[in-house]
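Visitor:
Protein chains in written order, with our numbering: chain A, 284 to 793; chain B, 90 to 202; chain C, -16 to 80; chain D, 5 to 317.
#1: Hey, is residue 506/A's beta-carbon within less than 8 Å of any beta-carbon in chain D?
#2: Output needed for residue 639/A: all residues of its chain with C-beta closer than 6 Å, excluding positions within five of it in sequence on either side, in chain order.
#3: Can you list, in chain order, the residues of its chain with a C-beta nearer than 7 Å to that of residue 275/D? Leave out the 5 residues immediately preceding and following it.
#4: With a Cβ-Cβ cutoff of 8 Å, do residue 182/D and residue 243/D count as a contact?
#5: Which one of 60/C, 39/C and 61/C has the shortest CA to CA distance from residue 52/C?
#6: Rank 310/A, 320/A, 389/A and 474/A by C-alpha distance to the C-alpha of residue 132/B and give the top, closest one.
#7: Taking residue 169/B as the query, report the chain A residues whose CB atoms sit under 7 Å from its CB, ordered along the chain.
#8: Which residue from 171/B, 180/B, 160/B and 178/B puts its Cα closest to that of residue 436/A?
#9: Could one say the Cβ of residue 124/B lies closer than 8 Å to chain D's Cβ atoms, at least one of them?
#10: What does the alpha-carbon distance come out to for the pair residue 301/D and residue 228/D?
#11: Would you mind telling me which residues of chain F sit closer than 7 Å to residue 160/D, beta carbon to beta carbon, in chain order?
#12: Check the Cβ-Cβ distances between residue 54/D and every residue of chain B, and say whether any is below 8 Å.
#13: Residues in the segment 191 to 225 of chain D with C-beta within 8 Å of chain C's C-beta atoms, listed in sequence order?
#14: Sort 375/A, 336/A and 485/A by Cα distance to residue 631/A and report the nearest one.
#15: Any beta carbon of chain B sitting closer than 8 Å to that of residue 482/A?
#16: Answer yes or no: does any C-beta atom of chain A fall closer than 8 Å to that of residue 173/D?
#17: Measuring straight from C-alpha to C-alpha, what distance separates residue 168/D and residue 532/A?
#18: May I have the straight-line CA-CA distance separating residue 162/D from residue 414/A, to the nearest angstrom?
#19: Exposed or buried, which one is residue 21/D when buried takes at least 16 other CB atoms within 10 Å?
#20: Should the segment 707 to 719 of chain A be regarded as contacting the segment 585 to 596 of chain A, the criterion being three or more beta carbon pairs within less than 8 Å?
#21: Enumerate in chain order the residues of its own chain whose CB-to-CB distance from residue 663/A is below 7 Å, with the five nearest sequence positions on each side excluded.
#22: For chain D, is any of its Cβ atoms less than 8 Å away from the one on residue -3/C?
#23: Less than 6 Å between C-beta atoms, sequence neighbours within five positions excluded: which residues of the same chain meet that for residue 79/C?
#24: Given the structure, does residue 153/B come close to the ligand PLP, in the sense that its CB is under 7 Å from one of the ligand's heavy atoms?
#25: Closest Cβ-Cβ distance between residue 290/A and chain D: below 8 Å?
#26: Do you know how far the Cα of residue 41/D is from the Cα of residue 71/D?
#27: Report all residues from its chain with a CB closer than 6 Å to the CB of residue 648/A; omit the five preceding and five following residues, and keep chain order.
#28: With 9 Å as the limit, tell me which residues of the segment 266 to 279 of chain D have their beta carbon closer than that to any beta carbon of chain A; keep them in chain order.
#29: Give me the chain A residues within the contact set of residue 122/D, using Cβ-Cβ distance strictly less than 7 Å, ordered along the chain.
#30: At 3 residues or longer, what runs of the beta strand (DSSP E) sit wholly inside the segment 299 to 337 of chain A?
#31: Just checking my contact of residue 447/A with residue 314/A at CB under 8 Å: how many whole Å lie between their CB atoms?
#32: Using three-state DSSP, classify residue 118/D as helix, strand or coil.
#33: If you draw a straight line from the C-alpha of residue 98/D to the C-alpha of residue 524/A, how long is it?
#34: To which residues of the same chain is residue 111/B closer than 7 Å at the C-beta, ignoring the five residues directly before and after it?
#35: Anything in the segment 404 to 431 of chain A with a Cβ closer than 9 Å to a Cβ of chain B? List those residues in chain order, please.
#36: Taking only the alpha-carbon atoms, compute the straight-line gap between residue 340/A and residue 262/D and give it to the nearest angstrom.
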């Protein structure tokens, strides 16, 4: 399959940046571990912003050149060695996740800041190291060019995410963490058995090599099924979502933001890699409709349950279950009916944009919910009265996040849903359009419940327990604004999502 | 049927056993044990893949073997973390269960699903 | 010569296997912990010992033979001590646990 | 050949029987004992699959360390109140059907191998000489796929951090709650005095021989961890508190050296995790030695659990 856009595998100029994107977080984790909790935050505060800069440089490189960056680790080309590759999808996701993680780091300073001169404390020590580990693991997921490397990456992600759930050590969160761990382990072991079968059939796990060799045969089909089910469990796609709400709602606010915004996107990204890059021709119309149906069920179920929640953090967590559903609508919409191949079209762009805008919006909402909890000492939705007057900036951030989730212009959610709707119309699959519109209505419903309660006057004068630091509110608002203005990328670098796709129309620098 | 295939089928059956134990057994500790069984079944599948690709004077393809070694260590780390969670849960509540309804505490933070 | 070695190996390893079998039957059938331990020591000492002796002619040079013998010695050591510990625990509990 | 296939069939039957019994057993204790035996049988299966490196790892980690860990947990869980209700019969039937489906799918996949079985073995062997290693598995772990191996060490450290983070705040920086059976001059003390020198020699040997024969950092590290745990359980050495700087240093020394040599490869050789030609073997052995130490300490501490006591001054 000769194609101008598939580069011969060799390290490209600036490929070393990809190594840096993995080595920096790993070094941060090791260094913080030795130096102890007193330095962990300082190390993170240097490394995380440099990670963001690194991601933007990689983004710029990929966008400018219109080609992917490749680095051959150890100078051993696949299939023997491992390649790191940054295509448009990786670059865009890297930048988005770096933004969220940096904002979370700013937000978390209030809860996990190191007091000068104090001894090492447990929660900050763990939090900063785990945050850097999540950043590294996500970069691995985005850049890894080998399915087994991706396995190690999602295990890294699991081991970094689970302890975040139960940092406060309450019985409920311990239980949630244990359940999360068991689901995640089941997911990764199913993924692993799939890679074993794929290796058995093709003697390589390299994504590019596999995509050239892969064909429909029993072992491959079994491998694809098991791998996908495993990743569904890790992404919390309905009906394998049971672990998500208690885990995401019980964690400390900063941790919830990372878990909901970042961590579930890791396994989702591998699903996209598998089906769009490794075996685009294998899903077929039936499989694609099945993915879409699960997504639709997640939207309906998640939204309905979210509507019935009494507590804010649980509502947001169930909203995550619903929003994950949207991500899977892109599979039936990206299927080219003539060739029965998944194609990098508007639907893929829409889906990835949905992932990014959900990440920024949801992180902002969890941060806002955390601040509300700090101020009121509870997060019961019915008793939020007067809060909008007390911390207007936070409530504003929450509302803006909601705007993006609902999909109002000019938010990223709007552009994402617009692209998906366009694809639904173009391919004549009107039923997905109905699901999307219904989901938007549900989302407006639960956003309305929360906001109307928040702006309502309080019966008695509101007793604020503590004042909220301004920078925490600013972090939430920044993310919400990012999500709101994400729709404007339509005018700019949105094409980057297609860079490095074999079937993309775009060639050459511009 | 050669030996490799035999052990492969054994691995497939173990995956089935482990999965069953993981899904149906309510005790977390037994779930962890079942996960290990499931894991070892998966590793055997790697073993078959390696064995039947024997070439160049080797008894098997070394690449899947190296992957299994990596995966065994990861599985051990996972087991250690899960057990630490179970024991901490025991310390906190006096019981070890995943079932929220009888955890004794006030389940204020839980959903209604 | 080789044939003699092979005959030696087969017969001695079979003898070892017999002790393994006897010990296992004892482990399953004996009534209490102490007698079961007694059965197990037969497996450790004689069973494994005979298997090792039987395998010596087949070993890969002197170094290989040494490794085989050291395995037996290590099992002897740990077996004896673990047996002691279990017996101690049984006595502390005062029953045949 | 027939004797061997009879042996294989017998082995598979045993593995399946004991494996099923660990799932079906009523008592957790019975299940764990079954699991340890199962681990040992499985390592024999790995030998039969000509994967001696894996067999060693499985026996040491899969059977030994995991068994010890779960056994310790069972002992503590005897204190747990109440029992969980087993899943209802229809649920179990449905689950059984689903699991049978997965197993059947895997069986079909295994029974339909590609016509020409692809393999990387020749390519591994062709390039192995360059690195000076004789063990192809070590070649894959430290030369071709070194990135995975490096990251997996980070996974180990994160798992340990996860375990530690479960400690209550009041005992942070304290001593892991390993059960110590310190009775002066008991037989256990005797074992803990006699075995470690032998064990350390075995660990060093395993690490050293790993370059050309089965063995290596994982296996050596596990033996090291077992010796350390034995000494601590017998009360001959105190369990160190987790805030000790030397302990933290030992934990990361392996990955740090690995990472440093990998980065040096960008300057001195052609790429990240590439070794300068001619120096590959000594560098890999240096990495393996450091990793053996780190793995030993990490596995030992993972087995010891989160801190439970504050250090007494």
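C-beta atoms are modelled at their ideal positions from N, C-alpha and C, and glycine is treated no differently. Predicted, not measured: the structure shown is a model, and the values here were computed from it.
Guide: The structure says:
#1: yes
#2: 379
#3: Contacts found: 269.
#4: yes
#5: 39/C
#6: 474/A
#7: Per Cβ cutoff of 7 Å: no residues; residue 169/B is ~11 Å from chain A at best.
#8: 160/B
#9: The beta carbon of residue 124/B sits no closer than 8 Å to any beta carbon of chain D.
#10: 8 Å
#11: Of the chains in the structure shown, none is chain F; the protein chains are A, B, C and D.
#12: yes
#13: Those would be 191, 192, 194, 195, 198, 199 and 202, in chain order.
#14: 375/A
#15: yes
#16: yes
#17: 23 Å
#18: 11 Å
#19: exposed
#20: They do not touch, by the three-pair rule.
#21: 593 and 594
#22: no
#23: A caution first: residue 79/C carries a pLDDT of 47, below 50, which makes its placement in the model too unreliable to give a value.
#24: The ligand content of the structure shown is nil, which means the ligand PLP is not present either.
#25: Here the model assigns residue 290/A a pLDDT of 43, short of 50, so the residue's position is not dependable, and the following value carries that caveat. No, residue 290/A does not count as interfacial toward chain D.
#26: 9 Å
#27: 599, 681 and 684
#28: 266, 267, 269, 270, 273, 274, 275, 276, 277, 278 and 279
#29: 485 and 486
#30: Counting only runs of 3 or more, we get nothing.
#31: Going by Cβ atoms, the distance from residue 447/A to residue 314/A rounds to 20 Å, so no, they are not a contact pair.
#32: Residue state, collapsed to three classes: coil.
#33: So the alpha carbons of these two residues sit roughly 19 Å apart.
#34: 120, 123, 124 and 127
#35: 431
#36: 27 Å
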